[in-house]
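With positions in the sequence shown counted from 1, the corresponding number in this note's numbering is that position plus 482. Where a beta carbon is used, it is the ideal one built from N, C-alpha and C, also for glycine.
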Amino acid sequence: MRVSFLVAGSAEEPYEVIFRNENGKVNVFCTCPAGENGLHCKHRLAIIEGSASAVVSANLDELEVVRTWLNGSDLEMACSEFRDAEKSFEEAKARFAKVKKKLGKVMNG
Ligand SMILES: [Zn+2]
């Protein structure tokens, strides 16, 4: 099974985000430059997380189909893990900036 959405990106032509479900194994591809190179891209993540704000194709109702596919899937788990790690990373960055500032103050007396 295959469902795809057109999403507005930085290029003039919209990108295509393509979900495939083969016996419960869900994959998602995107035609943006990052996606084409197998890198992380925000277009896929946005749709996986239920955001339709960039979708320009007229099949918004199919987001529900994708939601059903994602429920309990490896892809959903990996996205959730990604968001957790991202949050920890942002917290660590904020702490690092604070500690660095403090160190500078202590060093300078
Ligand atoms: Zn993309």
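C-beta contact flag for residue i and residue j at 7 Å
| i | j | result |
| --- | --- | --- |
| F487 | S539 | yes |
| V508 | S555 | yes |
| F501 | V548 | yes |
| W551 | N503 | yes |
| I530 | C561 | yes |
| V499 | A536 | no |
Inter-residue spacing [alpha-carbon to alpha-carbon] between residue i and residue j
| i | j | result |
| --- | --- | --- |
| F511 | E572 | 27 Å |
| N553 | R484 | 16 Å |
| L520 | L585 | One point to set straight first is that residue 520 is Gly, not Leu, in the sequence displayed. One C-alpha to the other measures close to 40 Å. |
| F564 | L545 | 21 Å |
| E518 | K587 | 46 Å |
| L542 | E495 | 19 Å |
| A574 | K583 | 14 Å |
| K589 | A576 | The sequence given here has Met at residue 589, not Lys. One C-alpha to the other measures close to 20 Å. |
Residue burial classification, residue i (beta-carbon count within 10 angstroms, cutoff 16)
| i | result |
| --- | --- |
| H522 | exposed |
| G591 | exposed |
| V581 | exposed |
Same chain, Cβ closer than 7 Å to residue i, five either side skipped, listed in chain order
| i | result |
| --- | --- |
| G491 | Y497, C514 and H525 |
Other residues of its chain near residue i: CB distance less than 6 Å, five sequence neighbours each side excluded
| i | result |
| --- | --- |
| A516 | C523 |
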